[in-house]
Each structure stands twice: as structure tokens, then as C-alpha cells.
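Enquirer: Here my numbering is used: position 32 in the sequence shown is 32, and no number is missing along the way. Think of the CB as a built atom: it goes at the ideal place given N, C-alpha and C, for glycine as much as any other residue. Computed from a predicted structure; not experimentally measured.
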Amino acid sequence: MTLSVAHLSDPHLTTGPGAAAPAAGLRAALRRVLTLDPLPDCAVITGDLTERGEPGEYTALREEIEAFPLPLHLVTGNHDVPEALVGGFGGTRFLGGGTRTSYVVEHPAFTVVVLDSWVAGAPGGRLGTGQLARLDRALALRPGVPALVCLHHPPVPVGIPFLDAMGLADGPALAEVVAAHPRVARVLAGHVHRPVTASFAGSTVAVAPSTYRQSGLVLREGVPGYPDEPPAFLLHVRPDGPPGSAWATHTVPTAPAAPQG
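#1: Taking contact to mean 3 or more Cβ pairs, one atom from each stretch, closer than 8 Å, check whether the region 178-195 and the region 149-159 are in contact.
#2: Where does residue 6 sit, in a helix, a strand or coil, going by DSSP?
#3: Name the DSSP beta bridge partners of residue 186, please?
#4: Quickly, what does DSSP pair residue 253 with across the bridge? List them, please.
#5: Specify the secondary structure class of residue 258 as computed by DSSP and reduced to three states.
#6: Output the residue ranges of the alpha helix (DSSP H) runs that lie fully inside the region 170-230 and measure 4 residues or longer, sorted by chain position.
#7: Applying the 10 Å Cβ sphere with the 16-neighbour rule, what's the burial state of residue 240?
#8: Thinking C-beta only, is residue 15 closer than 9 Å to residue 54?
#9: I need the straight-line Cα distance from residue 6 to residue 91, nearest angstrom please.
#10: Give a yes or no on contact between the region 55-62 and the region 31-44, applying the rule of three or more CB pairs nearer than 8 Å.
#11: Just grab the DSSP bridge partners of residue 43 for me.
#12: Beta carbon of residue 102, beta carbon of residue 134: below 9 Å?
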């Protein structure tokens, strides 16, 4: 049986001036997901759901995703506010039916583990020992069933110094947990606003591009800026085959976002 997961990131929804472009970008990405054949088993948005983490922005997000017919899992980013996210989506399918921003969803053929790397007042991220211990326990269940670990901050450097300076502080500790569980097929992240893949603890980190705007590929000191590159998302696929078949990751361009305004 073919498995697939649509991996979106960094829509940065907002309200007021400037709201049109990020909303149009997310809308286009969600429409594109629904044109895939077969449809993905679920979708994940790996953080920076909003620009400022304000309740009204989560209301705007809910208006965009409420009618989306596939399972959809939301992840907290550094631009989000966990309390406001729970206020807008607690108890819904978008947070696994619970009221925490770190949660587990057991799909029939795979597991999605969502982690919260948000740190108050900081652009970088951290998971902490408690969350890592819960991850270890979750991954110990259903051995042999693929697992996708989802968070906002990539746990490895991506080669863009400006962004690496605000990465995941306890990436090595996450690597220890992932290395102990071969069932982890992918570690899904965002934050970088461009597609990146890297080996990680016997698995693979896949960083999704933004549905809104992309960061520049600036492999030296300096602010990357936002070049005119198209929005996209990733599709992680395990083709039909014997148990243990490798996963593949595709980059799926979407329709351009509307002009900023």
C-alpha cells in the first residue's frame, strides 16, 4: 500500500494589511494537495502558522483549513504563540483532538508525532528533556510501523548561517532519541523557507519550503532576504512494495501567491 504525507510549512497568516498574499499562498497549496492522485493520507503544516500569534490570525487560519477534507496536523513555530494556538484549535482534529501543542496521532499505517520547539521571545527552538522523553516513549510503541516526527526548527545546520544561528538548540539530544528508533522514516521541519534534506541519526530531515515566500540561498554571513522563487510543499511517499521500502520526497510547486498588499 502506498503511503503519502503532504508537508506544508510557514504560511505566516495574518490580518489587516499584508494578509492577502500569505492567505492566497496557503489556499493554493491546499488546493494543489487535493489534486494529487491518490490523495495523501494526511497533511502537516510545520509551524509559523501565523505572523504574530494573535487570536485573530488563528481565526483566519481556521477559516482557510476548516473545510480541508484530509487529516491535517498543526505544528507550533517561533512566530506562533502556543496558548493562542490551543485557544483557536484545542480539542479539534488539527491538534490531534487534544489541548497540547505536542501530541501523537496514530494513523492506521504510520504514526505522526508533533513536537513543540517554541521558545518564548526567541527565534531559535528547544524541545527540552520532558518532551524528548515523551517522544522516546511514543516511538517505542508500534515497532516496525513508520513514524514521522514533526517540529518547526531543523535539528541540523542547513548551511545558511543566518538561519543556523536560530536552529534547534538540543538537536543532538533529539538525534539520540531518533537513532534509538529505526521506525522514524522522516523528521519533518520548516523555519528555513526553502526545501532542504539532510541525513539525521539514521533517518532523514526534510525541511519544507514556505507556502508564502522563500528565503535566499545565502551560504555566507548575511540576511538571506526573500527572492522571487515560487511557493511549494513536499510530498513524502512510501511506494507500494515490501515492508521496509524506502520513502521518497517530492517537491510540489503551487500556484503563485497573490501580490503583497
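Expert: Result, derived from the coordinates:
#1: The region 178-195, when compared against the region 149-159, does touch it at the 8 Å Cβ threshold.
#2: It is a strand residue.
#3: Per DSSP, 148.
#4: According to DSSP, which records beta bridges pairwise, residue 253 is partnered with 232.
#5: Bear in mind that the predicted position of residue 258 carries a pLDDT of just 47, short of 50, making it unreliable; the figure below should be weighed with that in mind. Per DSSP, reduced to three states, the secondary structure at residue 258 is coil, with no helix or strand assignment.
#6: List check, alpha helix (DSSP H) in window: 171-179.
#7: The residue is exposed, with fewer than 16 neighbouring Cβ atoms inside 10 Å.
#8: Cβ atoms of residue 54 and residue 15: closer than 9 Å.
#9: Whole-angstrom Cα-Cα distance: 22 Å.
#10: Taking a cut-off of 8 Å for Cβ pairs, the region 55-62 and the region 31-44 do not touch, as fewer than three such pairs fall below it.
#11: Residue 43 is bridged to 6, 72.
#12: For the pair residue 102 and residue 134, the CB atoms are nearer than the 9 Å cut-off.
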